Amino acid sequence: MDIGELILSTVRMATPILLVALAELYSERAGLVNIGLDGIMSFGALAGFMVCFITGSPFLGILAGAMGGILINMIYAYCTISLCAEQIVYGMAINIFAPAVASFIYRIYFGVSSTLAQDTLMKSIAIPYLKDIPFLGKLLFDQTPMVYFAYLMVVFTAIFFNKTKKGLNYKAVGEYPKAAETLGINVIRQKYVACMICGALAGIGGAYLTTCYVNTYSDGVVAGRGFIALSAVIFGRWSSGGVLLACLLFGFCDALQLRLQIMNTSTPYQLFQMIPYVCTLVALAAFGIKKAGPKANGKPYMREER
Amino acid sequence: MKLKKTLMSVLVPLASVILAFVIGAIIIAALGGSPVQAVAYLFQGAFGTPNNFASTLVKATPLIFTGLCACFAYRCGVFNLGGEGQFIMGSIATCWVATTWGIEGPGAMVLCLLCGIIAGGIWGAIPGILKITRGLNEMIVSIMLNYVATLFMGLLYTSVLRDGNVPQTAAVPDATQLQRIVPSLRVTWGIVIALAVAAVVQYFLFSTSKGFQLRAVGLNMTASRFNGFSVKKYILFSFVVSGAIAGLGGSVELLGTQYRLISGYAVGYGFDGVAMALIAQLNPVATVIVAYFFAVLRTGANTMQAGTGVPTSVIDIIQALVIVLAVAGFALVKLPQIRQWLAGRGGKKTAEKKEEK
């Protein structure tokens with residue numbers, strides 16, 4: 000087995016999960032548990048695919064994925080923040096709603112029996128100088144721009160939440176919204192902003208799948224990655240560094256299972272496909288601690304209530 | 000007050016359904032179809048002939064099981080999103096017993112059903128055990144187990160239990176299959192089993208002390224713990240029973256409708272179940288009604304597509320809209336402002352229905 004190939008593929012597979020896990024991190028830091036990530040991703044995947052197919056530009060596709068993600072997540076935002084609907088229930092509703100809409104639009108636009116539509120994949124861009132580092136350079140600095148974006152987001156998120164006033168205010172909303180409100184933080188607005196960031200990142204994560212990873216769209220393209228991202232946030236203890244490590248682990252499982260499939264064609268491939276899911280379970284069972292997240296996570300915030 | 004609450008829990012889903020249909024009609028019109036004609040075909044497809052009516056009942060059967068599965072667990076305050084996995088594991092156990100043990104007949108059928116229940120229960124127990132021992136999020140665990148179960152089923156019908164060239168298992172022997180109620184119609188005793196399970200769940204939850212305690216745990220875990228209820232035991236119990244219901248559903252589906260495991264088996268049943276339980280406000284009887292409604296939409300959709308050319312996926316949108324609107328509606332009527340407003344004007348409930356959307 001070629002180790003370099005495996006690492007390359009790990010980085011590639013970890014990226015969509017990482018983007019979506021960061022989306023969830025932004026959401027949960029504002030006290031909103033969003034389990035509708037799978038749904039947002041599938042809509043982002045469709046939006047990204049359609050725009051990329053029509054315009055031929057993967058970048059516009061990614062942008063469309065972000066917009067689509069925000070659009071879907073605004074439904075969630077309105078219902079959970081303004082109507083105080085239960086977040087888990089509404090996340091589930093999004094999980095049912097968004098894929099149905101995505102699959103409907105795809106069928107209307109491309110027809111049911113037409114040949115498989117394909118879009119252009121994003122090309123990788125090598126970073127000058129850095130790519131010449133022996134071994135690592137080829138692996139880490141010769142990727143698609145989305146991979147760089149994801150890793151920059153990790154750094155940015157870490158700095159934002161720990162070193163900036165805005166970031167601390169943001170966190171306060173997720174920890175103790177009432178206190179945050181007394182300090183003059185607009186809790187409701189902050190939550191809406193969180194939902195926008197979450198929707199955009201999750202949509203980009205979905206669009207990554209159809210513009211950087213495979214060049215077709217099919218129902219179920221997301222394959223539970225939203226939930227794997229959700230567990231990455233828990234596993235990574237709600238810090239961006241931890242989330243990165245968790246995502247790399249899950250990405251590695253995904254890469255490994257693909258490699259194993261190619262190497263052992265005699266073994267049924269389903270056995271290998273189980274690896275990422277089983278690995279998520281084992282990782283959670285071994286390291287998942289329940290009481291580490293933001294304190295007001297999942298609780299609706301009613302301004303008038305005492 | 001209680002009357003008004005019941006009324007609201009009927010009006011909100013009803014309003015959501017109507018609104019979803021209106022949006023669906025707009026989509027159909029935008030696609031160049033005739034909404035009236037589409038709805039006519041839809042209902043003709045679902046009820047038009049005795050055969051169509053029977054098909055609707057056949058479609059409703061698995062949905063009732065997964066709906067009750069989601070309903071039961073959430074009554075205890077835990078979210079079982081693994082209905083699909085438990086359903087599949089039940090089907091797998093049934094298929095294995097029915098096709099490889101070399102037994103046939105009604106006795107074998109009962110054994111198959113039992114194995115389905117056990118397999119579903121075991122698969123449901125896993126998230127429960129991980130929740131109470133390790134504090135894991137039961138939603139993530141049950142979702143992951145869905146994928147494992149689906150892949151495991153794929154493994155079986157492509158290699159281990161494969162029968163012939165096509166990737167599928169052997170069919171359940173005729174004598175082991177669930178028999179039809181009326182020989183000329185497709186509907187089997189499976190629907191009776193489904194209704195019986197719904198009745199038992201309804202009785203257990205609302206008429207026994209254990210059921211009361213289980214619901215108490217679901218409403219307030221902390222209070223239940225201080226009252227001396229064994230919260231962990233109830234959580235595990237609710238997961239096992241919920242899994243067993245789904246497993247039985249898988250068993251019934253295999254013995255009564257599908258007869259063999261094949262690609263695409265049971266896709267989406269789990270989430271549909273959750274959707275139905277939520278629209279039904281976790282009421283078992285209402286879950287049955289919602290499941291029937293979903294089945295009507297599905298059987299009717301094919302006739303509608305054949306008759307008017309409107310694609311069946313419009314129906315998926317309508318279904319998805321019902322859940323999105325219903326959950327938003329329930330949240331809306333619970334808001335303090337709306338509550339006050341509702342309390343303020345006693346009798347005018349029909350007016351509120353329009354207002355809330």
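These protein sequence lines map, in sequence, to chains A and B.
Going by numbering that gives the first Met the number 0, the residue at position 194 of the first sequence is 193; the numbering climbs one at a time, nothing skipped.
Going by numbering that gives the first Met the number 0, the residue at position 220 of the second sequence is 219; the numbering climbs one at a time, nothing skipped.
Yeah, the Cβ is synthetic: ideal placement off N, Cα and C, and Gly gets one too.
None of these values were measured; they are calculated from a predicted model.
Distance check between residue 275(B) and each of 60(B), 40(B) and 51(B) places 60(B) closest, using alpha-carbon atoms only. DSSP places residue 141(A) within a strand segment (E or B) once states are collapsed to three. In this structure, residue 97(A) sits away from residue 160(A), with a CB-CB distance that is not shorter than 7 Å. Sorting 296(A), 1(A), 24(A) and 10(A) by C-alpha distance to the C-alpha of residue 155(A) places 24(A) at the top. At least one C-beta of chain B is nearer than 7 Å to the C-beta of residue 223(A). For the pair residue 103(A) and residue 312(B), the CB atoms are nearer than the 7 Å cut-off. Distance from the Cα of residue 72(B) is smallest, within the candidate group 135(B), 206(B), 267(B) and 283(B), for 283(B).
Residue contact with chain A for residue 326(B): present (Cβ-Cβ distance below 7 Å to some residue of chain A).
Cα atoms of residue 247(B) and residue 148(B): separation of roughly 15 Å, rounded to the nearest angstrom. Within chain A, the residues 267 have their CB atoms less than 8 Å from the CB of residue 158(B), given in chain order. For residue 95(A), the closest of 322(B), 338(B) and 336(B) by C-alpha to C-alpha distance is 322(B).
Contact between residue 249(A) and residue 16(A) holds: their C-beta atoms lie close to 6 Å from each other, under 8 Å. Residue contact check for residue 315(B) against chain A: a CB pair falls below 7 Å. Contact between the segment 224-242 of chain B and the segment 110-123 of chain B is present: 3 or more CB-CB pairs across the two stretches fall below 8 Å. Per the C-alpha coordinates, the member of 227(B), 161(B) and 277(B) positioned closest to residue 262(B) is 161(B). Per the DSSP secondary-structure output, residue 187(B) pairs in a beta bridge with 179(B). If you ignore the 5 residues before and after residue 214(A), its C-beta comes within less than 8 Å of the C-beta of 117, 118, 119 and 120, all in its own chain and listed in chain order. Annotated as distal: residue 82(B) and residue 70(B), with beta-carbon spacing of 7 Å or more.
Around the Cβ of residue 262(A), a 10 Å sphere holds fewer than 16 other Cβ atoms; the residue is exposed. Here residue 68(A) is near residue 202(A), since their CB atoms are less than 7 Å apart.
Annotated as proximal: residue 298(B) and residue 55(B), with beta-carbon spacing under 7 Å.
In the three-state scheme derived from DSSP, where H, G and I count as helix and E and B as strand, residue 288(B) is classed as helix. Of the other Cβ atoms in all chains shown, 16 or more fall within 10 Å of the Cβ of residue 88(A); this residue is therefore buried. For residue 48(A), no CB of chain B lies under 7 Å from its own CB, so it is not counted at the interface with that chain. When the beta-carbon positions are compared, residue 19(A) and residue 204(A) come within less than 7 Å of each other. Among the CB atoms of chain B, one or more fall inside 7 Å of the CB of residue 88(A). For residue 272(A), at least one C-beta of chain B is nearer than 7 Å to its own C-beta. With respect to the C-alpha of residue 190(B), the residue from 281(B), 173(B), 251(B) and 303(B) having the closest C-alpha is 251(B). Residue 114(B) and residue 195(B) have their C-alpha atoms spaced approximately 18 Å apart. Among the CB atoms of chain B, one or more fall inside 7 Å of the CB of residue 92(A). Residue 293(B) is positioned such that its CB atom lies closer than 7 Å to that of residue 62(B). Between the segment 96-108 of chain B and the segment 172-188 of chain B there are three or more inter-stretch CB-CB distances shorter than 8 Å, so the stretches are counted as touching.
Using a Cβ-Cβ distance cut-off of 8 Å, the segment 75-90 of chain A and the segment 174-191 of chain A are in contact, since at least three pairs of beta carbons, one from each stretch, lie closer than that value. Under the three-state reduction of DSSP output, residue 302(A) falls in the coil class, being neither helix nor strand.
In terms of CA proximity to residue 52(B), 302(B) leads the group 302(B), 307(B) and 215(B). For residue 196(A), the CB contacts under 6 Å within the same chain, skipping 5 residues up- and downstream, are 25 in chain order.
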